[in-house]
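In this text, residue positions in the sequence shown follow our numbering: the first is 955, and each later residue adds one. Cβ coordinates follow ideal geometry from the N, Cα and C atoms, glycine included. Have a look at the structure below, then the notes.
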Amino acid sequence: MSRPAPGEVSDLAKRALRGVAWTLPTSLVSRAVGLVGTLLLARYVAPADYGEVSAASIVILTATSVSTFGIGIFLVGRRDLTRDEAFHATCWFLGTGLLAMAAVLALGGQLGAWFEAPGLARFLPLLLVGMALDRVAYVPERVLVRGLRFGWLSMARAFSELAYTGVSLVLAAHGFGAVAVAWGNVARSALRAGAIVPVVDWREWLEPHRLRLSTLRRILAYGVNVALTNVAGFGMRRWDNLMVSRLFGPAVMGSYNYAYNLAEMPANAIGEQIGDVVFASMPHVEPERRGAALVRALTMISVVMLPLAFGLGVVAPTVAEAFFDQKWAGVGLMMVILAALSATRPIAGVLQSYLYACERPDVVLWMQWGGLAALVLSIATVGRLGILWTCGAVAAVFILQTLAYMVAVRLLDGTPVSSFLVPLVRPIVACLVMVAAVVSARPWLAGWPPVAQVGAEMALGGLVYLGGAALIFRPVALEFLQLVRVALSRR
C-alpha cells in the first residue's frame, strides 16, 4: 500500500476538509441554535409526552429506512448514472414510500401498545406529512451530493433545523405540548424540500422515461446489501429507544432520548457532513492510494471529533443542572456515558465509506447486523439492570463496532489496526488533560450561575485542548489548520 510522503495529505483528506470547511460554519450555527432550543424545549414538555412523540418519530423513520432499498447509495455511487435510471429510482422511492406510510397508519395503535407508549398514534398524521415531504426531496438531495454541491446542501439542512427549533419551541411555549415537536418536524421537512427541489434540474431525477422491470431489478440488485445495511444502522441508532420504552416506560425513554440526542449532536453536526463528503469523494481516489487516504483522513477527523466527545462528556452534569429541572433527573449522567457516540460514529462512518469504495458492501452488511444484534442483546440483558447500565451497554457496542471495522480493513488490505489507533493516542491524551482541568476547576466555579458555569467550563476546556494540541501533536494540528484555512479561502 502506498504511503503519502511527509507533509503530503491524501486527496481524500483534502476533499473531506474542503467539504467540511464549506459546511461547518452554517452547520455549527444551526446546531448551536438547535441545542439551545432543545434545552429550552424540556421546560415545556413532560418526559412521558416527549417519549411518546419520540417513539412515533422512530416508527416513521423506521418505515423510511426499511423502504429506502439503497436508492441513495445507487444515485451517489454509480459513476455512469443515466436519467432513465434516476427516473426509475424516483418512481420506486416514491411508490415504496406510499406503501410504508399506509402500513404505519394501519399499525399505529398496535405499535403504541407494544412499546408501552399508548399516545404514539396521535402524533403519526403530522409526522407522516413530514415523511412525505422528505420522500420528495430525497432524490434531488442525492443529486446534490453526487455533484459535490455541499455548500447549498449545508445551507438547506441548517435552515431546516432552525425551522424545526423555532416552530417546536414557540408552539411548546404556547401550550401545544409534545404536538409542537410534530409540527416542528413538518416545518423542517417543508423548508428542506422547498430549498432543495427547486435548485436541482428536474430532468436529473424526474424526466419521464418508460418504466422497465429490468432497470428496476438492476437498481435493486445494486442496493440490496446497502438497503439491509441501512436498516441495521438505523436500528442501532434508534431501536434502543423503543427497547427502553418497553423496559422502563415512556418517561424514562423521554429522558434517555434527550440525553442520546444531545450526546450525538457533535456527530450529527460535523460527522454527517464528513460522511457525505468522504462517501462522494472516495470513488475518485486511486485504489492504490485509498488505504493511505483513509488513515490520513481519520487522523484529521479525530483532531475535531475526540475533543467534542470528551468535552461534551465532562460538561454534561453542569449542562443538566443549568437547563433541566427535577423531572428530567438523570439526563446528565446519561450524557456522560453516551458522549462516546460522537467520537465513534464518525470514525465508523468513514471506515464504511472505504469498504464501499473497495466494493465490499457485504462486510459492512455483516458489521451492521452484528452490531445491531449485540445492541439488542446487551440491552435485553445488561440493560435490564437500570437505565445507566443501558447507556453503558450502548456506548460499549459502538466502540467495539468501530474497532471491528478497523480489523475488517486490516483483513481486507493489510492496513495494520495500529495505523488507525496510534494517531489517536496524542489527541486522547490532550482530551484527558482537558477533562482533568475542567474537573479541577469545577469547585472554583461552584458559586457561579449554572449557565455561566457551563460557558466557563467550555471555554476552559477549549483553551486547554488547544494548548495540549500545540504541545502534544503540533505538526498534525498545524497541518489541519492549514488545510482548513486553504479550504475556507476557497469558499
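Quiz item: Alpha carbon to alpha carbon, how far is residue 1271 from residue 1286?
Solution: The residue given as residue 1271 occupies position 317 in the sequence shown. The residue given as residue 1286 occupies position 332 in the sequence shown. Between residue 1271 and residue 1286, the C-alpha separation is close to 5 Å.
Quiz item: So, residue 1093 versus residue 1030, is the Cβ gap smaller than 8 Å?
Solution: Numbered from its first residue, the sequence shown carries residue 1093 at position 139. Numbered from its first residue, the sequence shown carries residue 1030 at position 76. Not closer than 8 Å, so no.
Practice problem: List the endpoints of the continuous alpha helix (DSSP H) containing residue 1377. | Solution: Locating residue 1377 in the sequence shown gives position 423, counting from the first residue. Segment 1371–1395, the alpha helix (DSSP H) holding residue 1377.
Quiz item: Secondary structure at residue 1312, three-state DSSP: helix, strand or coil?
Solution: Here the question's residue 1312 lines up with position 358 in the sequence shown. Of the three classes helix, strand and coil, the one that applies to residue 1312 here is coil, per DSSP.
Quiz item: Should the region 985–998 be called in touch with the region 1107–1120, which here means at least 3 C-beta pairs below 8 Å?
Solution: yes
Exercise. Put residue 966 into one of helix, strand or coil per three-state DSSP.
Key: By 1-based counting over the sequence shown, the position of residue 966 is 12. With a pLDDT of only 48 at residue 966, under 50, the local geometry of the prediction cannot be trusted, and no value is derived from it.
Quiz item: Comparing alpha-carbon positions, which option in 1383, 1395 and 1009 lies nearest residue 1070?
Solution: Counted from its first residue, the sequence shown places residue 1070 at position 116. Ranking the options by Cα distance to residue 1070, first place goes to 1009.
Self-check item: Residue burial classification, residue 1175 (beta-carbon count within 10 angstroms, cutoff 16)
Solution: The residue you call residue 1175 lines up with position 221 of the sequence shown. Residue 1175 comes out exposed.
Self-check item: residue 1302 beta carbon less than 8 Å from that of residue 1214
Solution: In the sequence shown, counting from the first residue as 1, residue 1214 sits at position 260. In the sequence shown, counting from the first residue as 1, residue 1302 sits at position 348. No; because the gap between Cβ atoms is not below 8 Å, this pair is not in contact.
Practice problem: To the nearest angstrom, report how far apart residue 1334 and residue 1347 are at their CA atoms. | Solution: The residue you call residue 1334 lines up with position 380 of the sequence shown. The residue you call residue 1347 lines up with position 393 of the sequence shown. Going by the C-alpha atoms only, they are around 10 Å apart.
Exercise. For residue 1197, I'd like the list of residues in its chain whose CB is within less than 6 Å of its CB, leaving aside the five on either flank, ordered along the chain.
Key: Taking the sequence shown and counting its residues from 1, the one referred to as residue 1197 is at position 243. For residue 1197, where only same-chain residues beyond five positions count, the Cβ hits under 6 Å are 1333.
Self-check item: Cβ-heavy atom distance, residue 1174 to the ligand COA, below 7 Å
Solution: The ligand COA is not among the ligands present in this structure, which contains no ligands whatsoever.
Exercise. Answer with buried or exposed for residue 1168, where buried requires no fewer than 16 other C-beta atoms within 10 angstroms of its C-beta.
Key: By 1-based counting over the sequence shown, the position of residue 1168 is 214. Residue 1168 comes out exposed.
Self-check item: Secondary structure, alpha helix (DSSP H): runs of 4+ residues fully inside the region 1090–1150
Solution: 1104–1127 and 1133–1150
Self-check item: Residue range of the alpha helix (DSSP H) that includes residue 998
Solution: As a position in the sequence shown, residue 998 is number 44, starting the count at 1. No alpha helix (DSSP H) contains residue 998, which DSSP labels as neither H nor E.
Quiz item: Within this structure, are the beta carbons of residue 1065 and residue 1013 separated by less than 8 Å?
Solution: Numbered from its first residue, the sequence shown carries residue 1065 at position 111. Numbered from its first residue, the sequence shown carries residue 1013 at position 59. Cβ distance < 8 Å, so residue 1065 and residue 1013 count as in contact.
Quiz item: Is residue 1272 helix, strand or coil when you go by DSSP?
Solution: Sequence index remark: in the sequence shown, residue 1272 carries index 318 (1-based). Helix at residue 1272.
Quiz prompt | Extent of the continuous alpha helix (DSSP H) to which residue 1039 belongs | solution = Residue numbering aside, residue 1039 sits at position 85 when the sequence shown is read from its first letter. Taken as a continuous stretch (DSSP letters only), the alpha helix (DSSP H) holding residue 1039 covers 1037–1068.
Quiz item: residue 1322 and residue 1186 look like a contact to me (Cβ under 8 Å); what is the Cβ gap, rounded to whole Å?
Solution: Locating residue 1322 in the sequence shown gives position 368, counting from the first residue. Locating residue 1186 in the sequence shown gives position 232, counting from the first residue. 4 Å between Cβ atoms; contact.
Exercise. Go ahead and pull the three-state DSSP assignment for residue 1209.
Key: Locating residue 1209 in the sequence shown gives position 255, counting from the first residue. Here residue 1209 sits in helix by DSSP.
Quiz item: residue 1309 to residue 1207, Cα distance in whole Å?
Solution: For the purposes of this step, residue 1309 is identified with residue 355 of the sequence shown, where counting begins at 1. For the purposes of this step, residue 1207 is identified with residue 253 of the sequence shown, where counting begins at 1. Roughly 34 Å separates the two Cα atoms.
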